[in-house]
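Sequence lines, in order, name chains P and U.
The first sequence runs 1 to 241 under this note's numbering.
The second sequence runs 1001 to 1241 under this note's numbering.
What follows is a set of notes on a single structure, which appears directly below.
2 protein chains.
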Amino acid sequence: MAQAAPLYRLPCGACLDCDVRSMAVCAALEDDEVDALERIMISRSLEANQVLAEEGDPKTYVYTLTSGMLRLCSSLPDGRRQISGFLMPGDYLGLADDDVHTRTSEAVADAKLCAFPVRDMDGLVKVYPRLSERLHGMTRAALRHAQDNQMILGRLTPVERLASFLLVLSRRAREHKQPDNPVLLPMPRADIADYLGLTVETVSRSFTKLRNDGLIRLPDAHTAEIVDRDALSDLAGIEPH
Amino acid sequence: MAQAAPLYRLPCGACLDCDVRSMAVCAALEDDEVDALERIMISRSLEANQVLAEEGDPKTYVYTLTSGMLRLCSSLPDGRRQISGFLMPGDYLGLADDDVHTRTSEAVADAKLCAFPVRDMDGLVKVYPRLSERLHGMTRAALRHAQDNQMILGRLTPVERLASFLLVLSRRAREHKQPDNPVLLPMPRADIADYLGLTVETVSRSFTKLRNDGLIRLPDAHTAEIVDRDALSDLAGIEPH
DNA sequence: ACTAGTCATTGATTGCAATCAATGCGGCAC
DNA sequence: GTGCCGCATTGATTGCAATCAATGACTAGT
Chain P
1 MAQAAPLYRL
11 PCGACLDCDV
21 RSMAVCAALE
31 DDEVDALERI
41 MISRSLEANQ
51 VLAEEGDPKT
61 YVYTLTSGML
71 RLCSSLPDGR
81 RQISGFLMPG
91 DYLGLADDDV
101 HTRTSEAVAD
111 AKLCAFPVRD
121 MDGLVKVYPR
131 LSERLHGMTR
141 AALRHAQDNQ
151 MILGRLTPVE
161 RLASFLLVLS
171 RRAREHKQPD
181 NPVLLPMPRA
191 DIADYLGLTV
201 ETVSRSFTKL
211 RNDGLIRLPD
221 AHTAEIVDRD
231 ALSDLAGIEP
241 H
Chain U
1001 MAQAAPLYRL
1011 PCGACLDCDV
1021 RSMAVCAALE
1031 DDEVDALERI
1041 MISRSLEANQ
1051 VLAEEGDPKT
1061 YVYTLTSGML
1071 RLCSSLPDGR
1081 RQISGFLMPG
1091 DYLGLADDDV
1101 HTRTSEAVAD
1111 AKLCAFPVRD
1121 MDGLVKVYPR
1131 LSERLHGMTR
1141 AALRHAQDNQ
1151 MILGRLTPVE
1161 RLASFLLVLS
1171 RRAREHKQPD
1181 NPVLLPMPRA
1191 DIADYLGLTV
1201 ETVSRSFTKL
1211 RNDGLIRLPD
1221 AHTAEIVDRD
1231 ALSDLAGIEP
1241 H
């Protein structure tokens, strides 16, 4: 994996008309306050498959993803891998971690992020309680999400897992003000497999099953058009939060 | 399931020599501050299998468990159940929830808890920032725990899941200042199964496997003595946080 | 003491997803 | 254009955990 790209600064005032401002931590601050965030912010970009932080690395930065997609994953000594989540623009990296990163973070596709030195961020959090509240709220949401995944991994069949995955992606796209249909799948099948606790082959067969049953269409491998959302929801069994 | 037991108040000053004070939220407050917590606190007790809160109930109270054990679970329409976690004395109930409980909470064994009205708690949190920080820290820990479970559920074999389960219980007992060996298993096999995404039969067979391989002893169904902790750790593959 | 009921274990069988293997489908270098 | 490589799909087979079924240990009720 390539090393991190060199850091550079964005011109001042950029946060004010940022695409993800309303979804990200920054939403906790008023127009005249984001300036404080922007002052400690450093822009970064990643190429596809570039590693941002390794499991066990000290947490010196926290990040807001502004474009592209990241995966959070960890691996067993024998190579088995589990992806604990995908980050979409507006999402925050570092919610679960105290002083070290507990998961490896890699770019699924070319990505841009805002990096905040944790020391500076800790300082800001004390000045702006709303920032702290927002981070806490985002952590709670991430916890609910992770608990939902426990049900998905522990009790759902492969097709059910895929159905719930597609619905969650669709819903999150909507929350992130993107079209919720068709669902974009920037990640390869292997990532979906490692997220859903399956093999690539089973993921592929599950896609085919959903397509043959008329619940989705697959114009190409990275696009899933939801045809019958209700049937898909029935399959998934649980309402995504 | 029986209804909640009647509420009653503990005499003043009880928090000061509480068994779980050092593990619970309360640890964030000094001796002269816990008083504020105690003033809004209501003691409750639950019998085994009694329901504390149902999935979807409004979150009017948050709780600290002081004795016994709770399970947090959710169920699919067809009855499949997933337990997202077990609460031990000192643990906090309500970390993941905003205004409604997202999981059902039930007593595994007779339990005692401190109940705090959320409105009052929200007020205290504003007065004592350390309380808020502690809650946020506990939420982050819960998130790491839930993400570890994703790996367990998605990628580990049944014996590996059980090994990691026993190690986590052992470690948490130690953290809660209880002996870390033998491991006490107050919950029935069905709960372990629904936590690990297995069937009771497979859980039972996995116990037998670990016993026959000499990694544990089973004096009785609710006690597992760890004989070879290293081998167990190797099996589990991941270090519990 | 006897019965009924719950829970854990063990055995026999089945079924589904993992594994193994082959093919297809672009994209890219040259 | 050709060949190569990564990725997705499909097919054949295997193996493991779920399912089905029976038994045993223990508790509570009468």
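The beta carbon of each residue, even a glycine, is placed where N, CA and C say it ideally should be.
So with Cβ pairs under 8 Å, would you call P182 (chain P) a contact of chain U? no
Pair within 8 Å by beta-carbon distance, N49 (chain P) and A115 (chain P): No; because the gap between Cβ atoms is not below 8 Å, this pair is not in contact.
Say whether the region 135-143 of chain P touches the region 210-230 of chain P, bearing in mind that this needs 3 or more beta-carbon pairs closer than 8 Å, one atom from each stretch. A contact is defined here as three or more CB-CB pairs under 8 Å, and the region 135-143 of chain P fails this definition with respect to the region 210-230 of chain P.
At a CB-CB cut-off below 8 Å, which residues of chain U make contact with P77 (chain P)? By Cβ distance, chain U contributes G1237.
By alpha-carbon positions, which one of P:R174, P:S67, P:P182 and P:L167 ends up nearest to L218 (chain P)? Measuring from the Cα of L218 (chain P), the nearest candidate turns out to be P:P182.
For K1112 (chain U), which option in U:L1162, U:S1067 and U:E1054 has the closest C-alpha, if you only look at C-alpha atoms? Of the candidates U:L1162, U:S1067 and U:E1054, the one whose C-alpha sits nearest the C-alpha of K1112 (chain U) is U:S1067.
Does S45 (chain P) come out as helix, strand or coil in the three-state DSSP assignment? Strand, per DSSP.
Check whether chain P comes within 8 Å of L1070 (chain U), counting only Cβ atoms and requiring the distance to be less than that. no
Candidates P:E133, P:G154, P:R161 and P:Y128: which alpha carbon is nearest S206 (chain P)'s? Comparing alpha-carbon positions, the option among P:E133, P:G154, P:R161 and P:Y128 lying closest to S206 (chain P) turns out to be P:R161.
So is V168 (chain P) buried or exposed if we call it buried at 16+ other beta carbons inside 10 Å? Looking at its Cβ environment, which holds 16 or more other Cβ atoms inside 10 Å, V168 (chain P) is buried.
Where does M1001 (chain U) land, buried or exposed, given buried means 16+ other C-beta within 10 angstroms? Because M1001 (chain U) sits at a pLDDT of 43, beneath the cut-off of 50, its placement in the model cannot be relied upon, and the following sentence gives the value as read from the coordinates. Answer is exposed; the Cβ neighbour count stays below 16.
Give the straight-line distance between the Cα atoms of Y1008 (chain U) and M1041 (chain U), rounded to the nearest whole angstrom. With a pLDDT of only 48 at Y1008 (chain U), under the threshold of 50, the placement of this residue in the model should not be trusted; the figure read from the coordinates follows. Cα to Cα, Y1008 (chain U) sits roughly 10 Å from M1041 (chain U).
Who are the Cβ neighbours of E133 (chain P) in its own chain at under 8 Å, not counting the five residues just before and after it? So the list reads A28, once near-sequence residues are dropped.
Are the C-beta of D98 (chain P) and some C-beta of chain U separated by less than 8 Å? Taking Cβ atoms only, chain U reaches closer than 8 Å to D98 (chain P), which makes this a yes.
Span of the beta strand (DSSP E) around S74 (chain P): Y61 to S75
Taking all protein chains shown into account, decide if P1247 (chain U) is buried (16 or more other Cβ within 10 angstroms of its Cβ) or exposed. The structure shown does not extend to residue 1247 (chain U), since chain U is modelled only from 1001 through 1241, so no value can be given for it.
DSSP-derived helix/strand/coil call for A24 (chain P): coil
The region 1143-1168 of chain U: which residues have C-beta closer than 7 Å to a C-beta of chain P, in chain order? L1143, R1144, A1146, Q1147, N1149, Q1150, M1151, L1153, G1154 and R1155
Quick one: what's got a C-beta closer than 6 Å to A1163 (chain U)'s C-beta in the same chain, skipping five residues either side? Only L1232, L1235 and A1236 meet the Cβ criterion.
Could I get the ranges of all uninterrupted beta strand (DSSP E) runs contained in the region 74-101 of chain P, with 3 residues as the minimum, in chain order? 81-87
Could you tell me which chain U residues have their CB closer than 7 Å to the CB of G197 (chain P), listed as they occur along the chain? L1153, G1154 and R1155
Which same chain residues, not among the five before or five after I1192 (chain U), have their C-beta less than 6 Å away from its C-beta? The residues are V1203.
Counting only beta-carbon atoms, is A231 (chain P) nearer than 8 Å to chain U? No, its Cβ sits nowhere closer than 8 Å to a Cβ of chain U.
Taking 8 Å as the CB-CB cut-off, is S1204 (chain U) touching chain P? no
Out of P:C73, P:D35 and P:R119, which has the shortest C-alpha to C-alpha gap to C15 (chain P)? P:D35
8 Å Cβ cut-off: residues of chain U touching L95 (chain P): R1140 and L1143
By the 10 Å Cβ neighbour count, where 16 or more other Cβ atoms means buried, how is R1155 (chain U) classified, buried or exposed? buried
Over the uninterrupted beta strand (DSSP E) stretch that includes P182 (chain P), give me the two end residues. Element bounds for P182 (chain P): n/a, residue is neither H nor E.
Can you tell me which of U:L1210, U:H1222 and U:A1221 puts its alpha carbon nearest to the alpha carbon of D1228 (chain U)? U:L1210
Taking just the CA atoms, how far does R81 (chain P) sit from P1158 (chain U)? 17 Å
Can you give me the C-alpha to C-alpha distance between L1065 (chain U) and P1089 (chain U), rounded to a whole angstrom? 5 Å
Step through the CB atoms of chain P and report whether any lies within less than 8 Å of the CB of T1102 (chain U). Yes, its Cβ sits closer than 8 Å to a Cβ of chain P.
Is the Cβ of R80 (chain P) closer than 8 Å to any Cβ of chain U? yes
For H1136 (chain U), decide whether its Cβ has a neighbour in chain P, counting only Cβ atoms nearer than 8 Å. yes
From the DSSP secondary-structure annotation, give me the bridge partner or partners of E106 (chain P). P:V51 and P:R71
On the three-state DSSP scale, how would you describe P1129 (chain U)? Note: P1129 (chain U) maps to helix in three-state DSSP.
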